[in-house]
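With the UniProt record's numbering applied, the sequence shown closes on residue 255, and no number is skipped along the way.
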Amino acid sequence: MTADTDTRGQVALRHLSKAFMLNGQPLPVLRNLSLDIRAGESLAIVGPSGCGKTTLLRLLAGLEQADSGQVLIDGRPIRGVGTERAVIYQEPRLLPWLTVLENVAFGLEVRGIGRGAAQDRARHHIRLVGLADFEGAYPRQLSGGMAQRVGIARALTVQPEILLLDEPLGALDAMTKLTMQEELTRIWAEEGVTMILVTHDLEEAIFLADRVLVLSRDQGVGPRLIDVDLPRPRDRSQQDFVAMRRQLMAEFGLH
Ligand SMILES: Nc1ncnc2c1ncn2[C@@H]1O[C@H](COP(=O)(O)OP(=O)(O)OP(=O)(O)O)[C@@H](O)[C@H]1O
Ligand SMILES: [Mg+2]
1 MTADTDTRGQ VALRHLSKAF MLNGQPLPVL RNLSLDIRAG ESLAIVGPSG
51 CGKTTLLRLL AGLEQADSGQ VLIDGRPIRG VGTERAVIYQ EPRLLPWLTV
101 LENVAFGLEV RGIGRGAAQD RARHHIRLVG LADFEGAYPR QLSGGMAQRV
151 GIARALTVQP EILLLDEPLG ALDAMTKLTM QEELTRIWAE EGVTMILVTH
201 DLEEAIFLAD RVLVLSRDQG VGPRLIDVDL PRPRDRSQQD FVAMRRQLMA
251 EFGLH
């Protein structure tokens, strides 16, 4: 399969399995998981603590190796980490001695792009996340939400096809989180990236995703995929949205 510009960012999981050793016993975390994620799709991964969300994201990032099965990007099996993927964690992990601009440009500079060009590109993404007035600030001078936006700008600056996010808004207060969910949606649409987002917030999953992958800790219950067939921009108070949230909560036996 050859990749053209329309299909860049396709992800295919093929019979992916992963177990960890716990007290000398294998603990199966992912079992024979197969899934096709479209280029430009937004997929949310939800499930109870310990069900394997981070493990799956790390496999996609190439930070962890599967016991069997494959991850293919644009038809090609991945080998370790790759420049077409960028990872955003719960904590932005900024370098404290660098300014916002320097932090965002850093990823480009380590790839050999000259400082001037790197900073020009970084400025574009700093604007995109609404921090143009703060490019000279140091991480200690930022709020949690602002720091996380710098993390997002830094990930976008290297122009990945695929954004992998592990509870990126989990540490933010409720108000900031709502704003950031809207910003993430806008950035995803503007950049045309494939977005794969781990969250424990079911409403966030419905707000952001085209489909939700529900993982279970129970070995007898396989992963389920739920289509979020709601128009965008999404409205949390709209009847269909509320019904969708109820359906997803029911997946977890919640009411
Ligand atoms: N490096 C590791 N070594 C051993 N066991 C691990 C390792 N990483 C994860 N596990 C185990 O794999 C299971 C899944 O972990 P994972 O971090 O993927 O869960 P999660 O769904 O992200 O949970 P949470 O919502 O709490 O972040 C857990 O039982 C965990 O103990
Ligand atoms: Mg996790």
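Here a beta-carbon is modelled for each residue, glycine too, at the ideal position from N, C-alpha and C.
Requested in this report: Label Thr194 either buried or exposed according to how many other C-beta atoms from any shown protein chain fall within 10 Å of its C-beta, with 16 as the threshold for buried.
Outcome: Thr194 is buried by the Cβ-count criterion.
Requested in this report: Let me know the secondary structure DSSP gives Gly151 once reduced to three states.
Outcome: DSSP, reduced to helix, strand and coil, places Gly151 within a helical segment of the structure shown.
Query raised in the report: Where do the ends of the beta strand (DSSP E) carrying Gln25 lie?
Result: It spans Gln25 to Ile37 - the beta strand (DSSP E) in which Gln25 sits, taken as one unbroken run.
Query raised in the report: Count the other CB atoms within 10 Å of the CB of Gln10; is the residue buried (16 or more) or exposed (fewer)?
Result: buried
Requested in this report: Could you tell me if the beta carbon of Lys53 falls within a distance shorter than 6 Å of some heavy atom in ligand 3?
Outcome: Judged by which ligands are present, ligand 3 is missing from the structure shown, whose ligands are ligand 1 and ligand 2.
**Report entry** Own chain, CB closer than 7 Å to Arg234, minus 5 neighbours either side, in chain order
**Finding:** Phe207 and Phe241
Requested in this report: Rounded to whole angstroms, what's the CA-CA distance from Leu156 to Arg127? Just pull it up for me.
Outcome: 12 Å
Query - Whole-angstrom distance between Val81 and Gly252, CA atom to CA atom - result: In the sequence as displayed, the identity of residue 252 is Phe instead of Gly. For Phe252 and Val81, the distance between alpha carbons rounds to 33 Å.
Report task. Note down, one range per segment and in chain order, each alpha helix (DSSP H) of at least 4 residues found wholly within the region 193-237. Result -> 202-208
Requested in this report: With hydrogens ignored, establish whether the beta-carbon of Val221 is closer than 6 Å to any heavy atom of ligand 1.
Outcome: no
Query raised in the report: Got a sec? Which residues, its chain only, sit under 7 Å from Val104 by beta carbon, not counting five neighbours each side?
Result: Ala122, His125, Ile126, Val150, Ala153, Arg154 and Thr157
**Report entry** Pairwise C-alpha distance: Leu57 and Val87
**Finding:** Using only the alpha carbons, I get a separation of about 9 Å.
**Report entry** Thr176 versus Ile45: straight-line alpha-carbon distance, rounded
**Finding:** 21 Å
**Report entry** Opening and closing residue of the alpha helix (DSSP H) in which Arg245 lies
**Finding:** Gln239 to Glu251 is the extent of the alpha helix (DSSP H) around Arg245.
Report task. Less than 8 Å between the CB atoms is what I'm expecting for Gly69 and Ser17, so what's the real figure, rounded? Result -> 6 Å
Query raised in the report: Relative to ligand 1, is the shortest distance from any of its heavy atoms to the C-beta of Val71 smaller than 6 Å?
Result: no
Query raised in the report: Tell me which same chain residues have a C-beta within less than 6 Å of the C-beta of Gly114, skipping the five on either side of it?
Result: none
Query raised in the report: Does DSSP put Leu108 in a helix, in a strand, or in coil?
Result: Residue state, collapsed to three classes: helix.
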